[in-house]
Structure formats: structure tokens, C-alpha cells
Amino acid sequence: MLNRSQTIVEIFIALMIFSIAFISLIVLVNNYIKILKTAKDRIIANFLAQEGIDLVIAKRNINKAQKLNWLDGFYNNFCIDINLNIIQSNDISNCPLYINNNQFTHTPSSTSTTFSRLISLTTSTHIATVTSMVQFEDQTVELQTIITDWIP
-15 MLNRSQTIVE
-5 IFIALMIFSI
5 AFISLIVLVN
15 NYIKILKTAK
25 DRIIANFLAQ
35 EGIDLVIAKR
45 NINKAQKLNW
55 LDGFYNNFCI
65 DINLNIIQSN
75 DISNCPLYIN
85 NNQFTHTPSS
95 TSTTFSRLIS
105 LTTSTHIATV
115 TSMVQFEDQT
125 VELQTIITDW
135 IP
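Numbering-wise, the working numbering puts 32 at position 48 of the sequence shown, and it's gapless, one number per residue.
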């Protein structure tokens, strides 16, 4: 009878150790998945911030090609999408990005995302500092560059 109770205790201890190991593994996998999602979102946010700067440069180039003022159509703070649609806004929460046909837009009829992008423009006579800020969840990615009214 002593051996039988000893075996039950051993099985119970083994099950406890297995349970703790299994729960630890589940917690680790869950944390790993969260880290992967955050890393993926950060990469997307970096690309969206760079895209914002590239869109400002494209609009500047179009303005110059059409013999307009190089900053025509820009505001100090604005949203811009792939179609060069510019919407004046001082608050990034007014600039949510939606996805439509694998492109990010500001069209609310498209699928919503966790990303918002605001472009800030600080100008002087022949130079402008472009700041592209992308927010997602509780994080922000910000890129900055300087553009001029000169095109090669």
C-alpha cells in the first residue's frame, strides 16, 4: 500500500511539473506572437512614414513641372495619400489610414487600419522641413527630411 501511495504522489508531482512547463511555454509563445506583431507594425509604420515624405516630394515635383509655386496645395499640417489627396489637419487622429486594393488611403469607405499619418511642413523661402509622423496603437514613428524648391 505504501508503494501505491508513493506512485500517486510521484504522478501528481510529475503532472504539476508538466503543467507548469506547459503553461510557461504557452506564455512564451503568446509573448513572442505579440512581439512579432509589434515588429511587423513598426516596419509598416516606417514604410508609411517614408511614403509620406515621398508623396510630398512627388507633389512638389508636380507643382514645379506645372510651373506652380513649389508649395502650392500644402498646409502646415496635413494628411496625404497615394493619390496625392491633401486634407488639412492639425491632429493625427483626424488622419486615419484605410487600406484599399493593397494601398493606404484616407477614404473611410475602405478597410480601417490601426495606422494614422500626419505630415508637418515648416517652410522658409527656398527650403522646407517635412516631418512624417505615423501612429499605431500606442507607438509613433517619425521621419524628417529637408526639401528645396530646386529640382535637378
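Where is the CB? At the ideal position from N, CA and C, for every residue including glycine.
Asked                                                                                            : Found
Cα-Cα separation between residue 101 and residue 131, rounded to whole angstroms                 : 19 Å
Anticipated Cβ contact below 8 Å, residue 77 with residue 63, distance rounded                   : Rounded, the Cβ-Cβ distance is 11 Å, inconsistent with contact.
Residue 72, DSSP secondary structure in three states                                             : strand
Integer-rounded CB distance, given that residue 126 should sit under 8 Å from residue 33         : 7 Å
Boundaries (first-last residue) of the beta strand (DSSP E) holding residue 82                   : 80 to 84
Straight-line Cα distance separating residue 120 from residue 24                                 : 11 Å
Status (buried if at least 16 other CB within 10 Å, exposed otherwise) for residue -4            : exposed
Own chain residues within Cβ distance below 8 Å of residue 98, not counting five before or after : 25, 120 and 121
Straight-line gap, residue 46 to residue 35 (C-alpha atoms, nearest Å)                           : 16 Å
Beta-ladder partner(s) of residue 62, from DSSP                                                  : 72 and 103
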